[in-house]
Amino acid sequence: MAIVYTCICAILFMALAYLFLKTYQLCGYKPKAFLAAALEFKLAYGDKNRLIFTRRMIRFILVLFFIIFGVFFLANYFISNAYLRILDIILIFLCLPLFIVLAHYVVLPIELFIKKSYMIRATNKLRRKNIIKIGITGSYGKTSTKNILVRMLEKEYRVCATPKNYNTEMGLTKTILGSLEREDVFVAEMGARHKGDIAVLSKMVKPDYGIITTIGAQHLETFKTLSNIENTKFELAENLAQDGIMIFNGDSPSSRKLYERYKGEKFLACDKSGYAYADNIVMDKNGSKFDLHINGKTYCATTKLLGKCNIDNIVTASTLASLMRIKIEDILKAIEELEPSKHRLEILKNNFCTIIDDSYNSNVLGSKEALNVLEKFEGIKIVITPGIVELGIAQSKANFEFGAMIADVADYIIIMNNVNKNELLSGAISHNFDRSHIFFAETRKKQKEILEKITVSGCVVLFENDLPDNYK
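The numbering used here puts the sequence shown at residues 38 to 509.
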C-alpha cells in the first residue's frame with residue numbers, strides 16, 4: 038500500500054509540476070532564470086507555449102519523478118500521523134521549484150555528454166565535406182538576411198541552411214546531422230545571449246564567409262553593455278577559416294566599428310563608400326522600389342518587402358551573393374521573388390482590414406520601422422503590443438519612447454500584459470494621445486473583445502512583438 042500511495046502522490050505532483058516544467062523550458066533550461074520566475078510567480082500559462090516533450094525533457098521528467106517519488110517514500114516511511122502527512126504534501130508542493138533545480142543538476146552531466154557527442158559528430162561531418170560555409174550573426178536581421186541570401190544562392194548552388202531561427206549549438210548540430218547531404222553551400226545563422234556563444238558556433242562551422250548584420254541593444258539583461266554585444270558578434274570574424282571574407286552592415290554604427298577593427302579581407306554594405314548600398318527608396322503598402330548599387334554599377338530593384346531594415350538585409354545579402362559570382366540578373370530576380378518572412382512585417386489582407394504581423398519579436402530599431410510602415414497605410418490604425426523586453430536598465434526609457442512614437446502614428450493602442458504597461462501608457466500620454474483610445478488586455482480573449490469594438494472596415498492593425506506566456 039505504501040508503494041501505491043507513493044506512486045499516486047508522485048504522479049499527482051508531476052501533473053501539478055506542469056506549469057513549473059513549462060516555465061523551466063521557456064527559460065532555456067536555465068535554473069537561475071527559472072528560480073527567479075518561480076519566486077516571482079511568473080509561471081507560463083495558457084496554450085500559446087505548450088510544453089514540448091523533447092528527448093531532453095522526457096529524461097528530465099523521469100529524473101524529477103524519481104526524486105519526488107523518493108521524497109514521498111521517505112516521508113511515508115517516517116511519518117504516520119495524517120495531519121503531518123498533509124503538512125508534508127504542502128511543503129513538498131512549495132519545494133517543487135527546488136526539486137526541479139535539483140533534477141537539473143542531476144541530469145546536467147548526462148545532457149552535457151550527449152550535447153558534446155552530437156556536436157563532435159556534426160563538426161566532423163562538416164569538416165569531411167568540400168562545401169562553402171557561411172556564418173551570419175548580428176542583433177537584428179539574421180534570419181531575414183539568411184533567407185534572402187539563400188534565395189539568391191539557390192540560383193547557382195545547392196544550399197542547406199539552418200531552418201527558422203535555429204541559431205544555437207544544437208540548432209546547427211541538428212541541421213548538419215539531419216539535413217546536410219550533397220549541398221554546395223551551408224548557411225548557418227548564429228545567435229548569442231552570452232559572451233563566447235558566437236565563438237563556439239564559429240569554431241564548430243569555421244565559415245569561409247561571415248556576415249555581421251545590424252548590432253543593437255538586444256539581450257542587455259545578459260550582455261549588460263553594448264560593448265559586450267559588439268565583442269561577441271566579432272567572435273565570428275575572429276574564427277573564420279583561413280583567407281575568410283567578412284561582410285559588415287555599414288548602416289549600423291556598431292557593425293561599422295567592427296568593420297574598421299577587422300584586419301582581414303572585408304567588404305562594407307549599406308554605405309555609399311562600400312561595395313553595395315541602396316538609395317532612392319520608395320515604399321508603399323504593396324512593396325518597395327530602390328536603386329541597388331553593387332561594385333560601382335546601378336540596378337533598379339523591386340520587392341514585396343517593406344521597411345528600411347529589409348532593404349538593408351537585401352543589400353547585405355546581395356553583397357555576398359555578388360562576391361560568390363551570382364549573376365546580377367539572378368540577384369534582381371531573387372529580390373523580386375522574395376516573400377515576407379512569417380511574423381516579420383508580414384502583410385495580411387482580407388476584405389475587412391489589413392494586418393501587419395510583426396509579432397516575431399521587437400527591438401528599438403524594428404519597432405520604429407514597423408511604425409514607419411504602418412504610417413504608409415490609410416485608414417484607422419491600431420497598434421497591439423506588449424512593448425520591448427530584455428533591455429535591462431534601458432527598458433523603461435525605451436518603452437516610454439516607443440509609446441510616444443505609437444501616439445504619433447496610431448489611432449488606438451492595445452497594451453498586452455503588464456511588463457511595460459506604465460511606460461507605454463505614459464509615453465503615449467506625453468504626446469497628447471487620447472487616453473480613452475488606450476486599452477489593456479492580459480489575455481487574447483480580452484484583446485479580441487476590444488478589437489471587435491474598435492475595428493472598422495478598412496482599418497490597419499499592427500501586431501508588434503509577442504511575449505511568451507511566462508510574461509504577465
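For each residue, glycine too, the CB sits at the ideal point set by N, CA and C.
Item                                                                                                          : Value
R381, buried or exposed, once every other Cβ within 10 Å from all chains shown has been counted against 16    : buried
M156 - DSSP class collapsed to helix/strand/coil                                                              : helix
The alpha helix (DSSP H) enclosing F223, as first and last residue numbers                                    : It is not in any alpha helix (DSSP H) - F223 instead sits in the beta strand (DSSP E) that spans 222 to 226.
Terminal residues of the beta strand (DSSP E) in which L439 lies                                              : Per the sequence shown, the amino acid found at residue 439 is Phe instead of Leu. Careful: F439 lies outside any beta strand (DSSP E), inside the alpha helix (DSSP H) at 432 to 446.
Option nearest G311 by Cα separation, candidates S325, H474, F110, S355                                       : S355
Boundaries of the beta strand (DSSP E) in which M320 is found, first to last residue                          : 313 to 321
Cβ pair count under 8 Å reaching 3, the stretch 243 to 257 against the stretch 288 to 302                     : yes
Burial state of V493, where buried means 16 or more other Cβ atoms lie within 10 Å                            : exposed
Secondary structure of H141, DSSP reduced to three states                                                     : helix
Identity of the residues DSSP links to V498 by a beta bridge                                                  : I392, I419
DSSP state of S378 mapped onto helix, strand, coil                                                            : coil
Distance between beta carbons of A236 and N276, contact taken as under 8 Å                                    : 6 Å
Any 3 or more C-beta pairs closer than 8 Å across the stretch 435 to 446 and the stretch 454 to 461           : yes
Length of the line joining the Cα atoms of E193 and N350                                                      : 20 Å
Span of the beta strand (DSSP E), counted from its first residue to its last, around Y336                     : 334 to 340
Whole-Å CB distance - L56 paired with L80, under 8 Å assumed                                                  : 5 Å
Own chain partners of D395 with C-beta closer than 6 Å, once the 5 adjacent residues on each side are dropped : L382, A407, E501
I266 versus K413: straight-line alpha-carbon distance, rounded                                                : 33 Å
C-alpha distance - Y299 paired with R164, whole-angstrom precision                                            : 25 Å
Three CB pairs or more closer than 8 Å across the stretch 328 to 340 and the stretch 158 to 175               : no
Contact the stretch 130 to 143 vs the stretch 203 to 219: 3+ CB pairs below 8 Å                               : no
C-alpha gap between L53 and M94, whole angstroms                                                              : 16 Å
Reduced DSSP category for V352 - H, G, I as helix; E, B as strand; rest coil                                  : helix
Cβ neighbour criterion (16 or more within 10 Å) applied to R188                                               : buried
Bounding residues of the alpha helix (DSSP H) (the contiguous stretch that carries V237)                      : 234 to 242
Contacting residues, own chain, Cβ-Cβ under 7 Å from E148 (five flanking each side not counted)               : R93
Residues near R87 by beta carbon distance below 8 Å, same chain, minus five either side                       : K59
Environment of D234 [buried if 16+ CB atoms lie within 10 Å]                                                  : buried
DSSP-derived helix/strand/coil call for M51                                                                   : helix
For F97: DSSP bridge partner residues                                                                         : Bridge partners of F97: none, in fact.
Residue environment, A431, which counts as buried when at least 16 other CB atoms sit within 10 Å             : exposed
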